[in-house]
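Participant: This is the structure I want to talk about, given as structure tokens.
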Amino acid sequence: MGYYFLRYYRQIIFLIAAILLCVQLFRLILKRRLRMSFLEKLRSYRPFFQKTALNLFLVVLLIAGVLLVPSMARLHSVRTLSLNYSNAYQGLNPNGTRFNQSSILNEEILSSAIKKGAFEGVSVKDLEKTLRITPLVEGSSDSEEDYHISTQYMLEYEGSAATAGIDGDLITQLTLEAYKEWFINEFSLNTSLLEVGFEDIRQLDYLDIYRYIYWKTGDIGQYMLTMSSTNPNFSSEMTGESFSTLASAAYSIRDVMAENLYAYILENGISKEKGIYLGRLSFENMNLGFDAEKERLSNINNLEAIDMYENDISTAVLVPTYDENAQYYMSRTRIGVDDLASSAEEHANQMTSIRSQIANNLHVASMLADITPGAENIATADELIDQIETELDRVIDNIIVTIREYNESITNQYMDISEVSEVSSWMSSLKDVLIWWVGIAVLLHVCAALKEYEKEGESR
Numbered sequence: 022m023g024y025y026f027l028r029y030y031r032q033i034i035f036l037i038a039a040i041l042l043c044v045q046l047f048r049l050i051l052k053r054r055l056r057m058s059f060l061e062k063l064r065s066y067r068p069f070f071q072k073t074a075l076n077l078f079l080v081v082l083l084i085a086g087v088l089l090v091p092s093m094a095r096l097h098s099v100r101t102l103s104l105n106y107s108n109a110y111q112g113l114n115p116n117g118t119r120f121n122q123s124s125i126l127n128e129e130i131l132s133s134a135i136k137k138g139a140f141e142g143v144s145v146k147d148l149e150k151t152l153r154i155t156p157l158v159e160g161s162s163d164s165e166e167d168y169h170i171s172t173q174y175m176l177e178y179e180g181s182a183a184t185a186g187i188d189g190d191l192i193t194q195l196t197l198e199a200y201k202e203w204f205i206n207e208f209s210l211n212t213s214l215l216e217v218g219f220e221d222i223r224q225l226d227y228l229d230i231y232r233y234i235y236w237k238t239g240d241i242g243q244y245m246l247t248m249s250s251t252n253p254n255f256s257s258e259m260t261g262e263s264f265s266t267l268a269s270a271a272y273s274i275r276d277v278m279a280e281n282l283y284a285y286i287l288e289n290g291i292s293k294e295k296g297i298y299l300g301r302l303s304f305e306n307m308n309l310g311f312d313a314e315k316e317r318l319s320n321i322n323n324l325e326a327i328d329m330y331e332n333d334i335s336t337a338v339l340v341p342t343y344d345e346n347a348q349y350y351m352s353r354t355r356i357g358v359d360d361l362a363s364s365a366e367e368h369a370n371q372m373t374s375i376r377s378q379i380a381n382n383l384h385v386a387s388m389l390a391d392i393t394p395g396a397e398n399i400a401t402a403d404e405l406i407d408q409i410e411t412e413l414d415r416v417i418d419n420i421i422v423t424i425r426e427y428n429e430s431i432t433n434q435y436m437d438i439s440e441v442s443e444v445s446s447w448m449s450s451l452k453d454v455l456i457w458w459v460g461i462a463v464l465l466h467v468c469a470a471l472k473e474y475e476k477e478g479e480s481r
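Under the numbering used here, think of the first position of the sequence shown as 22, with each following residue one higher.
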């Protein structure tokens, strides 16, 4: 009820004043006493002479209107959102995808704002009806000169019956804060690469555990080197680490601890299911043998194709050319032989790599087959894995803390939230009250003038 009073009391009072004026005019028209002489009456009308009750009513009305300004201000709020990252000027998100202003008021954001403010009895639909987001400066597609991609947006709140008991400034503040948190989480660096489930890894055979650790630590190290190239000077205040030192730590696990584990496993022939693992290696080598043969034949085919070219073909593709110093020379253009030679070399390298892998598998198989590990050897291998897990967890924890700190340092600069000053908001509301009050005063005094005009007509 209070909301409807605040929302409509001025309209109701203005309507009552207008009705009183219309009734007075209608009475004069019915009595056929409304003449042009009424304009003379208006010119001679004295609003402060014998109008004590009316003017007192208007003063009370003005005071009441001014006193209700703070309550009215709670039903209105305006805040601006400024995007500061470079892609914003192209209408893009930090990751290069298209920016959509409607995401500022999506269901997830509004639900988060309601939770932040603990707004009881307010649904997402209720909040959505009170908010509107618009570009602060809108462009036009009429001409190229009018094109404009806005990087500033205005969030406007207009209270409703469901939200009347909540301060509008709080609603706009929490809504944009919820959006900022969502935006930072959405476009922060992805740390899913760092997830390592040692409980699942331990179900693997020992050499598979080594391979996984080797691959995982290599990927983490490369990720950190990429981060270091992006911002080589960043150093975490919480961990004291930079991206390059974290990359070194990851590579150290791979090149020292994981390699020590690998050497110990081979030296002691450690395997959970030796027969199964040896069978796997045999099957893998069979497939690798097929691949190596395919690469060998491809290499031979390319070399034979090169031999089919006439030796003098290269003389047909020499072009007279001048270098940067204006010196004349014969330039050789690219020909099919070049592609064939490059392909032959690639196939040869692949064949060598595959054969090396086959030889390594044969070495591993011979070590596993010739040595039977003792219980103490298996316990030591488990202990080495425990040490790697402890050190890798420590490095990953430092990486996550460092990345989060880096995320905060860059994403907090992605956007600024500002509000229209409280003084400015109150002045706008006060201005509306004064305009309304002047309108009421004019209507009632014109009504009073008509009343006097009617009495003067009856006394004649």
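Think of the CB as a built atom: it goes at the ideal place given N, C-alpha and C, for glycine as much as any other residue.
Fair warning: this is a prediction, and the values are worked out from it, not measured in the lab.
Where does residue 118 land, buried or exposed, given buried means 16+ other C-beta within 10 angstroms?
Facilitator: Residue 118 is exposed by the Cβ-count criterion.
Participant: May I ask you to list the residues that DSSP assigns as paired with residue 438?
Facilitator: 102.
Participant: Roughly how many angstroms separate the alpha carbons of residue 194 and residue 100, rounded to a whole number?
Facilitator: Answer to the nearest angstrom: the Cα atoms are 8 Å apart.
Participant: Taking the beta carbon of residue 407 as the centre, do at least 16 other beta carbons fall within 10 Å, making it buried, or is it exposed?
Facilitator: By the 10 Å Cβ count, residue 407 comes out exposed.
Participant: Please list the terminal residues of the continuous beta strand (DSSP E) segment that includes residue 408.
Facilitator: Run containing residue 408: none in the beta strand (DSSP E); it sits in the alpha helix (DSSP H), 396-432.
Participant: My output table needs one value for residue 173: the three-state DSSP class, helix, strand or coil.
Facilitator: Strand, per DSSP.
Participant: Within its chain, find whatever has a CB closer than 6 Å to the CB of residue 365; leave out the 5 residues flanking it on each side and keep chain order.
Facilitator: Around residue 365: 320, 323, 324.
Participant: Quick check on residue 147: does DSSP put it in helix, strand or coil?
Facilitator: DSSP places residue 147 in helix when its eight states are reduced to three.
Participant: For residue 152 and residue 433, I'd like the C-alpha separation in whole angstroms.
Facilitator: Looking at the two C-alpha atoms, the distance is approximately 24 Å.
Participant: Once the 5 residues before and after residue 378 are set aside, which same chain residues still bring their CB inside 7 Å of it?
Facilitator: These residues qualify, in order along the chain: 309.
Participant: Going by C-alpha to C-alpha distance, which of 368, 294, 363 sits closest to residue 394?
Facilitator: Considering only alpha carbons, the answer is 294.
Participant: Excluding the 5 residues preceding and the 5 following residue 112 in the sequence, name in chain order all residues of the same chain whose CB lies nearer than 7 Å to its CB.
Facilitator: Result list for residue 112: 119, 120, 170, in chain order.
Participant: Going by the DSSP bridge assignment, what does residue 178 pair with across the sheet?
Facilitator: In DSSP, residue 178 forms a bridge with 98, 152.
Participant: Shortest alpha-carbon distance to residue 388 belongs to which of 290, 229, 212?
Facilitator: Among 290, 229, 212, the Cα nearest to that of residue 388 is on 290.
Participant: Quickly, what does DSSP pair residue 113 with across the bridge? List them, please.
Facilitator: DSSP, once it has assigned bridges, lists 119 as partnering residue 113.
Participant: By how many angstroms is the C-alpha of residue 32 removed from the C-alpha of residue 81?
Facilitator: Going by the C-alpha atoms only, they are around 17 Å apart.
Participant: For residue 190, count neighbouring C-beta atoms within 10 Å of its own C-beta (all shown protein chains included) and say buried if the count is 16 or more, exposed if not.
Facilitator: Residue 190 should be labelled buried.
Participant: Does the beta-carbon distance from residue 439 to residue 90 come in below 8 Å?
Facilitator: In this structure, residue 90 does not lie closer than 8 Å to residue 439 by Cβ.
Participant: With DSSP as the reference, identify every bridge partner of residue 256, one or two as the case may be.
Facilitator: Looking at the DSSP assignment, residue 256 forms a beta bridge with 263.
Participant: Given a cut-off of 8 Å, decide if residue 148 and residue 135 are closer than it, judged by their beta-carbon atoms.
Facilitator: Closer than 8 Å, so yes.
Participant: Can you find the residues in the same chain that come closer than 8 Å, C-beta to C-beta, to residue 274, ignoring five residues on each side of it along the sequence?
Facilitator: The answer, listed in chain order, is 234, 238, 409, 412, 413, 416.
Participant: Which of the three DSSP states, helix, strand or coil, is assigned to residue 73?
Facilitator: Of the three classes helix, strand and coil, the one that applies to residue 73 here is helix, per DSSP.
Participant: For the region 128-144 against the region 196-207, do three or more pairs of beta-carbon atoms, one drawn from each stretch, fall closer than 8 Å, so that the two count as touching?
Facilitator: Yes: at least three Cβ pairs fall under 8 Å.
Participant: Below 8 Å between beta carbons: does that hold for residue 465 and residue 36?
Facilitator: No, the Cβ-Cβ distance between residue 465 and residue 36 is not below 8 Å.
Participant: Span of the alpha helix (DSSP H) holding residue 134?
Facilitator: Taken as a continuous stretch (DSSP letters only), the alpha helix (DSSP H) holding residue 134 covers 128-138.
Participant: Can you tell me the Cα-Cα spacing of residue 172 and residue 154, whole angstroms?
Facilitator: One C-alpha to the other measures close to 13 Å.
Participant: Roughly how many whole angstroms lie between the Cα atoms of residue 381 and residue 435?
Facilitator: Those two C-alpha atoms are separated by around 51 Å.
Participant: Could you say which of 431, 286, 373 lies nearest to residue 390 if we only look at CA atoms?
Facilitator: Per the Cα distances, 286.
Participant: In angstroms, rounded to a whole number, what distance separates the CA positions of residue 327 and residue 362?
Facilitator: If you take the alpha carbons of residue 327 and residue 362, they lie about 7 Å apart.
Participant: How about residue 38 and residue 461: are their beta carbons less than 8 Å apart?
Facilitator: In this structure, residue 461 lies closer than 8 Å to residue 38 by Cβ.
Participant: If I measure Cβ to Cβ from residue 424 and keep anything under 7 Å in the same chain, skipping five residues before and after, which residues do I get?
Facilitator: The answer, listed in chain order, is 210, 212.
Participant: How would you write the range of the alpha helix (DSSP H) that residue 290 sits in, first residue to last?
Facilitator: No alpha helix (DSSP H) contains residue 290, which DSSP labels as neither H nor E.
Participant: Taking residue 401 as the reference, which of 282, 373, 473 has the closest Cα?
Facilitator: Considering only alpha carbons, the answer is 282.
Participant: For residue 333, which residues in the same chain have their Cβ closer than 7 Å to its Cβ, ignoring the five residues on either side in sequence?
Facilitator: Confidence at residue 333 is low in this model, with a pLDDT of 49, below 50, so the placement of that residue should be treated as unreliable; the coordinate-derived value is given next. Cβ within range, chain order: n/a, list empty.
Participant: Is the beta carbon of residue 262 less than 8 Å from the beta carbon of residue 419?
Facilitator: Closer than 8 Å, so yes.
Participant: Using the rule of at least 16 other Cβ atoms within 10 Å of the residue's Cβ for burial, across every protein chain shown, is residue 140 buried or exposed?
Facilitator: With 16 or more other Cβ atoms within 10 Å, it is buried.
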